[in-house]
Structure formats: C-alpha cells, structure tokens
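The next block holds one structure in the form of structure tokens; read it before the comments.
Protein chains: 2
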Amino acid sequence: MRKGKLYGVGIGCGDPELLTVKATKILKSADIIICPYKENKNSFALEIAKDYINKKAQILRLLFPMTYEHEELQKRWEENALLIAQKVKEGNVVAFITLGDPTVYSTYMYIMPFIKKQNIEVETIPGVTSFCSVASSVNTPISKWEENFCIVPLRKGVDNNLSSALDNFDNIIVMKPSNNCVQLAEELIKRNLENNFVLVSKCGTSEEEVIRDIEVIKSKKIPYFSTMLIKKKINI
Amino acid sequence: MRKGKLYGVGIGCGDPELLTVKATKILKSADIIICPYKENKNSFALEIAKDYINKKAQILRLLFPMTYEHEELQKRWEENALLIAQKVKEGNVVAFITLGDPTVYSTYMYIMPFIKKQNIEVETIPGVTSFCSVASSVNTPISKWEENFCIVPLRKGVDNNLSSALDNFDNIIVMKPSNNCVQLAEELIKRNLENNFVLVSKCGTSEEEVIRDIEVIKSKKIPYFSTMLIKKKINI
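Line order of the protein sequences matches chains E and D. Each residue of the first sequence is one higher than the one before, starting from 1 at the first, in our numbering. Each residue of the second sequence is one higher than the one before, starting from 1001 at the first, in our numbering.
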C-alpha cells in the first residue's frame, strides 16, 4: 500500500496563478481534496484551485460551523481530524486546501492538535497571504527599513485591538474588515487617516475592487473577502 | 517596438518550488533580470530563481549598498530606478527579483517612489514570506481565531521595539534575529519564553536548520537568513 500523507496547502487569496509550483504539484497528485466550508457558503478556495486538481480526485467537503460555541467547535474539529487521519492511514494523499497561507487564520490549523496525536505524515505548504496580495496590487510596501507592522483581525462588536494597533504601529493590516465597518471608519476619521488606507476585495480575481473612499467603508458596503492596509505615515 | 514593463517578483525564501506559477512565467519571458546585491554577498535570490530564468535573459546586478547614510542611499536608489526605467522604455520586460514578498522589507520597494515618476508600467507579484514558510515548516499556526500578530525587524544596538512587541502581542515574528542575538536571548529568558520560540534558518533549502535551544541563540550562532516565531501562550 502507498504511504498516505496529509498536506495543508495554501492557495493564495484569489488569482489561480498565485498558487506555488509546489501547491500545483500536490493538487495534481492528491487522491482526496479536503475543502472546508461554512453553512450556506460556496467554497471560494475550490474555485481558485479547481484547474490544478486531478480529475480523478475525490472532493471531500467538511463542515466547519460558524459558531463561537467552544465545545461544539472542538467536537467538530476532532471529528474532521479523525476522518482525515483515517483517509491518510488508508494510503491516500490528502490535500487540505486553505485560502491565503495555512499558518495565518486558517481552518486547517484548528485540526492540527488532533492530527498530531494520530501519528500520520503531515506537511504544510505555505501560500501567498491576502495582505501581501493587496499591497502588491497597489505597488505599495507594507513595511520598509526598520518599521514594524501588525495584523489585526477585526471582531464583531467593540474591538480594542484595532485602537491599540493604531496607537502603536505605523503599518496595520486589518483582516475581515467587513466584521465591523462602522467602528473601522470611525477610528480612521478620528485619527485623520481618511487618506492613509486602501481596502481591496477579492484581490486577484475578476471581481477585484480597490476602495479608498471612507464613505464606502462607513456605509458598510464591503464584501466579505476584503483586507485593509493602513499606513499612518503616508497617503496611499 | 514591444511595450516594456517592470515586474517586482517575490520568489519566496529558499525553496524554488515556492515560487508562484505567475512568478515562473514572468522569469521565463523577461528580457532582463534585476538582481540586487550588497557588497561582498552572493545573490541568494538568484540562486533560488535560476532554474526558471530564460537562458537568453540578461542578468543585471545592481548595487544596493549596506549603509544607513540617507543621502547616499537616496542617490543610489534613484540611479538604480532611472537605469531600470530606461531599460523598460527601450521595450524590455524587466523582472526585479526579491526574496520573500516584495511588499515586506524588500529592496525593490526603495526604488518605487522614483519609478512612479517615470510613468512606466509596473506590476508587483506577491510571494511567500519567510515567516509563513518558517511556521509551515514546523506545522504551527502564526495566528488563530481572533489573535493578533506583529512583525518586528531586529535592529543592531538596543531595540525597544522587540520589548514592546513582547509586552503587547501573543504572537511575534522577529525578522533578522542575527542582528542582535544577545538582546533577543535575554528578552526570552527574562520572560520565561525559552520554550516558546522556534528559529528557522535558510528555510526550504538543503541547509535548513531549526533551532529551539536558547543556548544557541545566546551564543550568536544564528545564520543571516533566519526568522524567529515566538508564541507566548504555547510551547513550540
């Protein structure tokens, strides 16, 4: 029997040409593609990766529910991990596709603690993050020289992380800005940063949209797949 | 005459298979490859990318001196930018290769303000960052759920940025740790974080080295191409 293996494969945030050579080779050779999904959502990851996937591969959609309920999540992550480990133990090469990079806010990493107990071979293939894609699309550095930068996922409800990041960093990446557009717009206005941000949605796809107008942020018209770059010291 | 264009191309941090499909296509079609170098250093970027580069392409090595002298740097960046713009205006496709991602601490971005004045076509191709590669190589998330993370380039001399990052973040990436190993080790020991870091050198190459021993950090035996991930809340 062929020895199975699990790959966590970063596929970038939208442009199929931004998969790495290594990612495309794994997708071509995998027996099973794991495609995480949330209720009522199509898989954007599958859409990006589809042309590289072996026609004979089985696509296995696994539910990762949208809930903050800790016990339910743990239970589901463990179930999903055991199912994947079983497939690997049966001799399958399994590729778990993940938007952007697998080490940055990916669903794949939630199953990792359970996978590690299963004693199967695992390899994680890094990918291009959304924030690097966004900054590249506007030919602007995230960070130069000895500057720092930080990455803040925006939460629903009031979020002190954002405000603290804006206090302490010159370069800030806001992930999931659609979670709390109003607070985000207010913070930018309060700090006179209306001309110091760029938001890009569905970067690298035919639906890519570049937003620099604070009124659009305020009016909550931001798609889900968006990332914002804020540069306090320069207008962008 | 063919219309020239400048590409800034991220090529990842070591493994040639971590170039994106788009990067390989550009390297295959470019007339001129710009390869930045510092005094007395071979080009690691060229070593990574070499198999994708068109045999007929001209390799143009441009000096980006290692100095903090502002005027000298500005002068050199402008000269380099003008030379590149000239090549593009002559109808060449020019690819400026850059380690990791072009928007994260790259030499390419230093010439961008001068390039923008030249009215030539520019496209930046994102790449896999060293920190994503390092975290992937140890199958460990940089950041999960609603956690933040920050990226701090370590400076020579005393560096308050590191200490502030360790105060305020659970997940910290230290770039260029070899700049100040002693301070880095002292900070980790002071905060009881001897088991909460991993440092990877030349990630993705045959010389890759994974260091988890604080004594090695203390003794300054860290190669130049290294990145450290610190996770305050979990042992890694």
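Even glycine gets a Cβ: it sits at the ideal position worked out from N, Cα and C. Keep in mind the model is a prediction, meaning the values are calculated, not measured.
**Neighbour list for Glu1187(D) in chain E, Cβ cutoff strictly below 9 Å** = The premise fails here: Glu1187(D) is roughly 15 Å from chain E at the closest Cβ pair, so nothing lies under 9 Å.
**Assumed close pair Cys35(E), Val128(E) - CB separation to whole angstroms, cut-off 8 Å** = Their Cβ separation, rounded to whole angstroms, is 19 Å, which puts Cys35(E) and Val128(E) out of contact at 8 Å.
**Message:** Give me, in chain order, the residues of the same chain whose beta-carbon lies closer than 6 Å to that of Lys1231(D); leave out the 5 immediate sequence neighbours on both sides.
**Reply:** Asn1171, Asn1196
**Item:** Range of the contiguous alpha helix (DSSP H) that encloses Cys181(E)
**Value:** 181–190
**Request:** Tell me Ser1143(D)'s beta-bridge partners as DSSP assigns them.
**Result:** Val104(E)
**Item:** Sub-8 Å separation of Phe64(E) and Thr107(E) beta-carbons
**Value:** yes
**Item:** Cross-chain neighbours of Lys1231(D) in chain E, by beta carbon under 7 Å
**Value:** Within chain E, no residue comes near Lys1231(D); the closest Cβ sits about 11 Å away, beyond 7 Å.
**Request:** With distances taken Cα to Cα, identify the nearest neighbour of Ile1234(D) among Pro1177(D), Leu1060(D), Phe1169(D).
**Result:** Phe1169(D)
**Request:** Inspect the beta-carbon positions of Ile151(E) and Cys181(E) and report whether they are closer than 8 Å.
**Result:** no
**Asked** Using a Cβ-Cβ cut-off of 6 Å (strictly less than) and excluding sequence neighbours within five positions of Gln183(E), which residues of its own chain qualify?
**Response** none
**Item:** Neighbour-count burial assignment, Ile1189(D), 16 or more Cβ in a 10 Å radius
**Value:** exposed
**Prompt:** Assuming Ile120(E) contacts Gly4(E) under a Cβ cut-off of 8 Å, what Cβ separation, rounded to an integer in Å, is found between them?
**Reply:** 7 Å
**Item:** Assigned secondary structure, Tyr7(E) (DSSP; H/G/I helix, E/B strand, else coil)
**Value:** strand
**Asked** Name the residues in the stretch 122–139 of chain E whose C-beta lies less than 7 Å from a C-beta of chain D; which are they?
**Response** Val122, Thr124, Ile125, Pro126, Gly127, Val128, Thr129, Cys132, Ser133, Ala135, Ser136, Asn139
**Item:** Exposed unless 16 or more other CB atoms sit within 10 angstroms - verdict on Tyr224(E)
**Value:** exposed
**Endpoints, the beta strand (DSSP E) within which Glu69(E) is located** = No beta strand (DSSP E) holds Glu69(E); DSSP gives it neither H nor E.
**Request:** Any chance you could list the beta strand (DSSP E) runs of at least 3 consecutive residues sitting entirely within the stretch 1151–1223 of chain D, in chain order?
**Result:** 1171–1175, 1197–1201, 1209–1211
**Message:** Would you call the stretch 1025–1039 of chain D in contact with the stretch 1054–1072 of chain D, where contact means no fewer than 3 C-beta pairs closer than 8 Å?
**Reply:** yes
**Message:** Run through chain D and tell me which residues come within less than 7 Å of Asp101(E), C-beta to C-beta.
**Reply:** Cys1132
**Item:** 8 Å Cβ cutoff, Met66(E) in contact with chain D
**Value:** no
**Prompt:** Using Cβ-Cβ distances below 8 Å, what residues of the stretch 1206–1232 of chain D are close to chain E?
**Reply:** none
**Asked** If Gly1100(D) sits next to Ser1130(D), beta carbons under 8 Å apart, how far is it from one beta carbon to the other, in whole angstroms?
**Response** 5 Å
**Request:** From the DSSP output, in three-state form, read off Val1138(D) for me.
**Result:** coil
**Message:** By the 8 Å beta-carbon criterion, what residues does the stretch 1013–1047 of chain D contribute toward chain E?
**Reply:** Asp1015, Pro1016, Glu1017, Leu1018, Leu1019, Thr1020, Val1021, Lys1022, Thr1024, Lys1025
**Request:** Report the residues of the stretch 1143–1161 of chain D with a CB closer than 7 Å to any CB of chain E, ordered along the chain.
**Result:** Ser1143, Lys1144, Glu1146, Asn1148, Phe1149, Cys1150, Ile1151, Val1152, Pro1153, Arg1155, Asn1161
**Request:** Return the first residue and the last residue of the beta strand (DSSP E) that Glu123(E) is part of.
**Result:** 122–125
**Request:** Specify the secondary structure class of Ala30(E) as computed by DSSP and reduced to three states.
**Result:** coil
**Request:** Kindly give me the distance between the Cβ atoms of Ile84(E) and Leu6(E), rounded to whole angstroms, as I take these residues to be in contact under 8 Å.
**Result:** 6 Å
**Prompt:** What are the partner residues of Arg1061(D), as DSSP defines its beta bridges?
**Reply:** Cys1035(D)
**Message:** If contacts are defined as beta-carbon pairs under 8 Å, then Leu1019(D) and Thr227(E) qualify, I think. What distance do you get, rounded to the angstrom?
**Reply:** In fact, because the Cβ distance is near 22 Å, the residues do not count as touching under 8 Å.
**Prompt:** Does DSSP put Leu99(E) in a helix, in a strand, or in coil?
**Reply:** coil
**Request:** Output yes or no for whether 8 Å exceeds the beta carbon distance between Glu1209(D) and Lys1202(D).
**Result:** yes
**Request:** To the nearest angstrom, report how far apart Met186(E) and Val158(E) are at their CA atoms.
**Result:** Correcting the residue type first, residue 186(E) is Glu in the shown sequence and not Met. The straight-line gap from Cα to Cα measures roughly 12 Å.
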